[in-house]
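What follows is a short report on a single structure.
In the numbering used here, the protein residues as written are 4 to 216.
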């Protein structure tokens, strides 16, 4: 079913892959179920497995009680795996098995825990290159990219800049309690001419700074 398929979102840093993941959740059949996000690059490799799958009491020193992993917490909903390219190969293998079996074991556990989770993964690195270098599992790649969404960088979609600027001004007005109504034509021209290596995130910061100062 549509609600089950894995989605892989690729694109440069700052293009809004996380925003697209949230949109998929909000518009999809799982919108009233959990949306759990984890940034694989921000978590130590040794901790990532227990973050994803949880652990049983006594699984390792300091594990004094059972911990539910994010895969369990996301049951019925969506688990967003950002920066999936940072995931070590041994955990990639466990993730693949969990996706295929709709079940996993906690660290230190023997019981299979069944879950119904839709996986949305994002990568700003070229996974095909990583596969060739032996850094990413090809079988996991194909399992993740049932639906493949590539988010183009902002320099390739400059027609979107005016609309994004308007959106950010409204958003920051509300957040900061200010009332900036518009932007001069000259300023907008400069924004459109610039190539935005940091993409939408950089544009948002620029607007926020402009409004603050």
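Glycine included, C-beta positions come from ideal geometry on N, C-alpha and C.
Under the three-state reduction of DSSP output, residue 148 falls in the coil class, being neither helix nor strand.
For the pair residue 12 and residue 125, the CB atoms are nearer than the 8 Å cut-off. Using a Cβ distance threshold of 8 Å, residue 152 and residue 8 do not count as a contacting pair. The segment 158-167 makes contact with the segment 199-216, as at least three CB pairs between them are under 8 Å. In the same chain as residue 72, and ignoring 5 residues on each side of it, the C-beta atoms closer than 6 Å to its own belong to 55, 56 and 57, in chain order. By the criterion of a C-beta distance shorter than 6 Å, residue 149 is surrounded in its chain by 8 and 9, once the five residues flanking it on both sides are discounted.
For residue 131, the closest of 79, 20, 143 and 123 by C-alpha to C-alpha distance is 143. Membership of residue 190 in the alpha helix (DSSP H) is indicated by the continuous run 188-196.
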